[in-house]
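Per my numbering, the sequence shown starts with residue 74, numbered consecutively. Glycine residues also receive a C-beta, built at the ideal position from the N, C-alpha and C atoms. Following: one structure in structure tokens, then a few remarks.
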Amino acid sequence: MKITDAKVIVTSPGRNFVTLKIMTDECVYGIGDATLNGRELAVVSYLKDHVAPCLIGRDPHQIEDIWQYLYRGAYWRTGPVTMAAIAAVDTALWDIKAKAANMPLYQLLGGKSRAGVMVYGHANGRDIDETIDEVGKYVELGYKAIRAQSGIPGLDSTYGVSADKLFYEPADADLPSENVWSTTKYLDHTPRLFEAIRNKYGFDPHLLHDVHHRLTPIEAARLGKSLEPYRLFWMEDAVPAENQESFRLIRQHTTTPLAVGEIFNTIWDCRTLIQEQLIDYIRTTVVHAGGITHLRRILDFASIYNVRSGCHGATDLSPVCMGASLHLGLSAPNFGVQEYMRHTPETDEVFPHAYSYSDGYLYPGDTPGHGVDLDEALAEKYPYRRAYLPVNRLEDGAMWNW
Ligand code: EZ4
Ligand code: CO
Numbered sequence: 074m075k076i077t078d079a080k081v082i083v084t085s086p087g088r089n090f091v092t093l094k095i096m097t098d099e100c101v102y103g104i105g106d107a108t109l110n111g112r113e114l115a116v117v118s119y120l121k122d123h124v125a126p127c128l129i130g131r132d133p134h135q136i137e138d139i140w141q142y143l144y145r146g147a148y149w150r151t152g153p154v155t156m157a158a159i160a161a162v163d164t165a166l167w168d169i170k171a172k173a174a175n176m177p178l179y180q181l182l183g184g185k186s187r188a189g190v191m192v193y194g195h196a197n198g199r200d201i202d203e204t205i206d207e208v209g210k211y212v213e214l215g216y217k218a219i220r221a222q223s224g225i226p227g228l229d230s231t232y233g234v235s236a237d238k239l240f241y242e243p244a245d246a247d248l249p250s251e252n253v254w255s256t257t258k259y260l261d262h263t264p265r266l267f268e269a270i271r272n273k274y275g276f277d278p279h280l281l282h283d284v285h286h287r288l289t290p291i292e293a294a295r296l297g298k299s300l301e302p303y304r305l306f307w308m309e310d311a312v313p314a315e316n317q318e319s320f321r322l323i324r325q326h327t328t329t330p331l332a333v334g335e336i337f338n339t340i341w342d343c344r345t346l347i348q349e350q351l352i353d354y355i356r357t358t359v360v361h362a363g364g365i366t367h368l369r370r371i372l373d374f375a376s377i378y379n380v381r382s383g384c385h386g387a388t389d390l391s392p393v394c395m396g397a398s399l400h401l402g403l404s405a406p407n408f409g410v411q412e413y414m415r416h417t418p419e420t421d422e423v424f425p426h427a428y429s430y431s432d433g434y435l436y437p438g439d440t441p442g443h444g445v446d447l448d449e450a451l452a453e454k455y456p457y458r459r460a461y462l463p464v465n466r467l468e469d470g471a472m473w474n475w
């Protein structure tokens, strides 16, 4: 088999997605997600100008060799643009291999380790009462795990709180909108939120919370301790993780489980975190961590240190990424939980997919490949629109992490 073409498709059915479609001389094609929220066109250029020409004529079955060729061969390693481009190629090649074998992808990854993939949904509200109501809606939908975020008294807007309750979309403007942040207000408010949720719903649903990189290590330690009575499933992205050692301090102080990694690109970004067992869940995902080949390497490494997966699954990761992630989640022995932010009906229509939700779990389906396709004619109707994530400032105007 030979690769004959590699096409990059940009579409915006409500939000931007970049998709790579690899064609072969045997009528089998594969698709991979290459979306990097707010920096989409950089990956488009990387793929079109620098990767596609190197793929033509290669054997698509040589997945590992092509991965190494693109990673080592570029000389310039890692980074979100490079790794999203490599991920798209890798995902498309696994799709081709599984279609050629006439098997769902999870079979090629070793078969099922479980019946379905537990997912968590996003409950959020402007205040504690509204968030409690939203948690109730997810309980009714059968979710076993629910992330809870609430607006903070005295702050106009904060991460995780959306106007549309089912479809959270943080990339909300043509130029970055500005948020204001106060760690003091947040640290006082958040334990009250979880106390109220536990009072109402008891300890049955798993509860998760995303700090979104806003604290220092000692502040994260304090939050983790103050949340211990409410037994969270995890506290996510408590601090930025450029310094992996930061987690040593958090870990020494709290038994609240820790998750991090949605913006990591390689196994080296999480090496210390995993090897020193400083975290419980690794959130790297197919599209931003080099595809199935590299994410599987991370998960295998994590498995020997009792770290489980908790793959990122926000709306900016396309249904193609979700499909691939579900096959890996179904097969990985150390799967933990999968984030599931629902895509809009427009997005689902552009990306017909075999996966389905039922009673708290997602199932990848048994279609050969990863089970997600792209309707190119429909995709063309939704041209790219620039959209950026917000930025964050402290109350004195200084830039902070969003
Ligand atoms: O802000 O994917 O856990 N989920 C998240 C997401 C991220 C977006 C950024 O593009 O943190 O909502
Ligand atoms: Co997050």
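Taking its Cβ as the centre, do 16 or more other Cβ atoms sit within 10 Å of residue i, making it buried, or is it exposed?
i       : result
Asp-314 : Sequence inspection shows Ala at residue 314; the Asp mentioned does not correspond to that position. With 16 or more other Cβ atoms within 10 Å, it is buried.
Gln-411 : buried
Met-395 : buried
Tyr-148 : exposed
Glu-309 : buried
Lys-454 : exposed
Ser-429 : exposed
Trp-341 : exposed
Phe-424 : buried
Gly-397 : Sequence check: residue 397 is Ala here, not Gly. That one is buried.
Ala-450 : exposed
Asn-110 : buried
Ala-471 : exposed
Gln-325 : exposed
Might you give, ordered along the chain, the residues of its own chain that have their beta carbon closer than 8 Å to the beta carbon of residue i, omitting 5 neighbours on each side?
i       : result
Val-180 : Residue 180 is actually Gln in this sequence, not Val. Closer than 8 Å at Cβ, skipping near neighbours: Ala-171, Ala-174.
Pro-441 : Ala-171, Lys-172, Ala-174, Asn-175, Met-176, Pro-177
Tyr-303 : Pro-264, Phe-267, Glu-268, Ile-270, Arg-271, Leu-280
Gly-363 : Trp-140, Tyr-144, Met-156, Ile-159, Ala-160, Asp-163, Asn-338, Thr-339
Have a look at the DSSP bridge pairing and note the partners of residue i.
i       : result
Gln-222 : Asn-197
Ala-460 : In DSSP, Ala-460 forms no bridge with anything.
Ser-431 : Tyr-434
Phe-90  : Thr-84
Ser-235 : Answer is none; Ser-235 lacks a bridge partner.
Leu-467 : Trp-254
Counting only the same chain and skipping the five closest in sequence on each side, list residues whose C-beta sits under 7 Å from that of residue i.
i       : result
Val-208 : Ala-196, Ile-219, Ala-221, Ile-270, Tyr-274
Thr-328 : Glu-301
Pro-456 : Ser-85
Asn-72  : Look at the range of the chain in this structure, 74 to 475, and you will see that residue 72 is not part of it.
Ile-352 : Phe-320, Leu-331, Ala-332, Val-333, Leu-346, Val-380
Glu-419 : Pro-86, Gly-87
Glu-292 : Thr-256, Leu-260
Asp-389 : Arg-88, Thr-108, Asn-110, Ala-244
Leu-322 : Pro-290, Ile-291, Ala-294
For residue i, which residues from the same chain have a beta carbon less than 6 Å from its beta carbon, with the 5 sequence-adjacent residues on both sides left out?
i       : result
Met-96  : Thr-77, Asp-78, Tyr-102
Ala-427 : Gly-438, Thr-440, Gly-444
Ala-387 : Met-414
Tyr-57  : This structure gives no information on residue 57, because the portion of the chain shown stretches from 74 to 475.
Gly-40  : Because the chain in this structure spans residues 74 to 475, residue 40 falls outside the shown range and cannot be described.
Val-124 : Ala-158
Q: Can you check the region 262-310 for any alpha helix (DSSP H) of at least 4 residues that lies completely inside it and give the ranges in chain order?
A: 290-300
Q | Ordered list of alpha helix (DSSP H) runs contained in the region 306-349, each at least 4 residues | A | 319-326, 344-348
**Q.** Length-filtered (4 minimum) alpha helix (DSSP H) runs lying within the region 152-196
**A.** 153-173, 178-181
Q) Which runs of the alpha helix (DSSP H) fall wholly inside the region 103-138 and span at least 4 residues, in chain order? A) 113-118, 125-128
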